[in-house]
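*Asks:*
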Amino acid sequence: MSEWREVRLNEFIKVSSGEGLPDSKMKPGQFPVYGGNGITGFHNHFLFDESRLIIGRVGALCGNVHITQVKSWITDNALVVSFLNSNQDSKFWYYVLSNLNLRDYAFQSAQPVITGGIIEKIRLKIPTEKSSQQKIAHILTTCDSVISQTQSAIAKYKAIKQGLLHDLFTRGLDANGRLRPRHEEAPELYKTSELGMIPKEWEVKRLGEISTMKSGEGITSKFIADSGEFPVFGGNGLRGFTTTYTHEGDFVLIGRQGALCGNITRVSGNFFASEHAVVVTVNKDINVDWLSQKLDYMNLNQYSEASAQPGLAVAKILRLFITKPHHNEQKEIGNRLLALDNKMNAEETLLQKYQSIKRGLMGDLLGGEKSLEMVLLTNELAPGTIT
């Protein structure tokens, strides 16, 4: 690409520090105050009346790049980027500076610091024509938009599930598959129990009455591969694959120790359960999907035994009371929550794909090795997303 050339950043930008604003001087207002890692508060005055490109100056997140809102205050924890001529696209430069991993250039000490002088001396290849900068910025901005939409979908499903969990595990579903009215609306549908007011059709059981729990088996890392016939599950889900299995069928696994003690994993088929997981075997009248969601909702981590390495208090968990709907109602509750999980998982998979695509696009578009036309031709996003 003939318009690309190697430059030093001080040929195009100047970097200066923002202006300090102690908490004691900050007055409630509508203008965002930016530090080294984005908005830190709001003030009744602004320093800049236009959007600016800023870089975190100090701390663990120094080198982070942000674009401010119109009318903002930028503190001295951030560096402000100014362009030496108007023939530059700020969005393009946002991606260029983000791609440089500026923290790698910081003075490494107890409090990492990066200076304008360091940044201005960095050399790199860029397209010098604004039209090319704008095309690159448009592609990457569109990619960010797709990622943001996917993240919003995930957040929406999580919010929906949070509300649904409470309703399904306190009110449940009637014979027609509809949520029961709340106790306040239809007290005749509820009864008193060890766990408060519950639907009349429900029972209260201890977990030990409806299931058994046993730790998995030991396995060393040399017997675990990245691929293979049988998955190996630990306390935090899939660890890899091995040549043998310990269980066959439908089970719930609970993380047995460590920071993720109490983590819930739903598994099916032939698999190896490691010693880091507690295997829950359910009675015939218990739906595994329902129980896995119920245990997750119960936040079993709170029943761990506090120590340097928290461990699951299995005996204590088996004594816990749990509401038990009829099997058909369990199945319907489990199906609804599983369907929602499947939607979230699909969006999570898409998010990982789009983030991977963006990383590839950043390398292709900011490296100057491929033409814009070639990048567009090989882009993997949905047809028409990038044009």
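Start counting the sequence shown at 220; every next residue gets the next number (my numbering). For each residue, glycine too, the CB sits at the ideal point set by N, CA and C.
Quick one: give me the first and last residue of the alpha helix (DSSP H) that I345 is part of.
*Replies:* No alpha helix (DSSP H) holds I345; the beta strand (DSSP E) holding it covers R342 to P346.
*Asks:* At which residue ranges does the segment 418–500 contain complete alpha helix (DSSP H) runs of 4 or more residues, listed in the order of the chain?
*Replies:* If we require 4 residues or more, the alpha helix (DSSP H) runs fully inside the segment 418–500 come out as 426–429.
*Asks:* Measuring alpha carbon to alpha carbon, tell me which residue in E238, N263, E269 and G248 is nearest G254.
*Replies:* Residue E238 is the option with its Cα nearest to G254.
*Asks:* Look at T369 and L559 and say whether their C-beta atoms are less than 7 Å apart.
*Replies:* Not closer than 7 Å, so no.
*Asks:* Report the start-end ranges of each alpha helix (DSSP H) in the segment 521–551 that is 4 residues or longer and not cut off at the edges.
*Replies:* List check, alpha helix (DSSP H) in window: 533–537.
*Asks:* Would the beta-carbon of V299 fall within 7 Å of that of S235?
*Replies:* Contact: yes.
*Asks:* Find the nearest neighbour of R200 within the set I293, E407, T361 and N256, judged by alpha-carbon distance.
*Replies:* As shown, the chain starts at 220 and ends at 606. That puts residue 200 outside it, with no answer to give.
*Asks:* Using the Cα positions of G427 and D393, report the straight-line distance between them to the nearest angstrom.
*Replies:* In a straight line, the C-alpha of G427 is about 27 Å away from that of D393.
*Asks:* Would DSSP call S328 helix, strand or coil?
*Replies:* S328: coil per DSSP, three-state reduction.
*Asks:* Within this structure, are the beta carbons of L383 and I552 separated by less than 7 Å?
*Replies:* For L383 and I552, no; Cβs fall outside 7 Å.
*Asks:* Indicate the three-state DSSP secondary structure (helix, strand or coil) for K246 in the structure shown.
*Replies:* It is coil, neither helix nor strand.
*Asks:* With a threshold of 7 Å on Cβ separation, who are the neighbours of T431 within its own chain once the five nearest residues in sequence on each side are excluded?
*Replies:* Answer for T431: T500, listed in chain order.
*Asks:* Closest by CA to E413, which one among V315, K424 and G391?
*Replies:* Nearest of V315, K424 and G391 to E413, Cα basis: K424.
*Asks:* Taking C-alpha atoms, which residue in M563, N263 and A496 lies nearest to F470?
*Replies:* It is A496 whose Cα lies nearest to the Cα of F470.
*Asks:* Let me confirm a value: R227 is counted as buried when at least 16 other C-beta atoms fall within 10 Å, else exposed. Which label applies?
*Replies:* Exposed, since its Cβ has fewer than 16 Cβ neighbours within 10 Å.
*Asks:* Could you pull out every unbroken beta strand (DSSP E) segment of at least 3 residues lying fully inside the segment 248–305, listed in chain order?
*Replies:* List check, beta strand (DSSP E) in window: 250–254, 257–262, 272–275, 284–286 and 297–302.
*Asks:* Report the rounded CA-to-CA distance for A374 versus T568, giving the unit in angstroms.
*Replies:* Cα to Cα, the separation comes out at about 14 Å.
*Asks:* With DSSP as the reference, identify every bridge partner of G415, one or two as the case may be.
*Replies:* According to DSSP, G415 bridges with S412.
*Asks:* Can you give me the C-alpha to C-alpha distance between C480 and H262, rounded to a whole angstrom?
*Replies:* Those two C-alpha atoms are separated by around 42 Å.
*Asks:* Let me confirm a value: T484 is counted as buried when at least 16 other C-beta atoms fall within 10 Å, else exposed. Which label applies?
*Replies:* T484 comes out buried.
*Asks:* Taking 8 Å as the cut-off, does the segment 440–454 touch the segment 574–584 (at least 3 CB pairs, one atom from each stretch)?
*Replies:* No, the segment 574–584 is not in contact with the segment 440–454.
*Asks:* Could you check what DSSP says for I355 in three-state terms: helix, strand or coil?
*Replies:* Three-state result, I355: helix.
*Asks:* Specify the secondary structure class of R401 as computed by DSSP and reduced to three states.
*Replies:* Correct three-state label for R401: coil.
*Asks:* Whose C-beta lies closer than 7 Å to the C-beta of H546 among residues of the same chain, with five residues either side of it excluded?
*Replies:* Closer than 7 Å at the Cβ level, and outside the excluded window around H546, lie D504 and N506.
*Asks:* Assign R399 to one of two classes, buried (16 or more other C-beta atoms within 10 Å of its C-beta) or exposed (fewer than that).
*Replies:* Label assigned to R399: buried.
*Asks:* Indicate whether K310 and A356 have their beta-carbon atoms separated by less than 7 Å.
*Replies:* Yes.
*Asks:* By the three-class DSSP mapping on this structure, what secondary structure does E225 have?
*Replies:* It is a strand residue.
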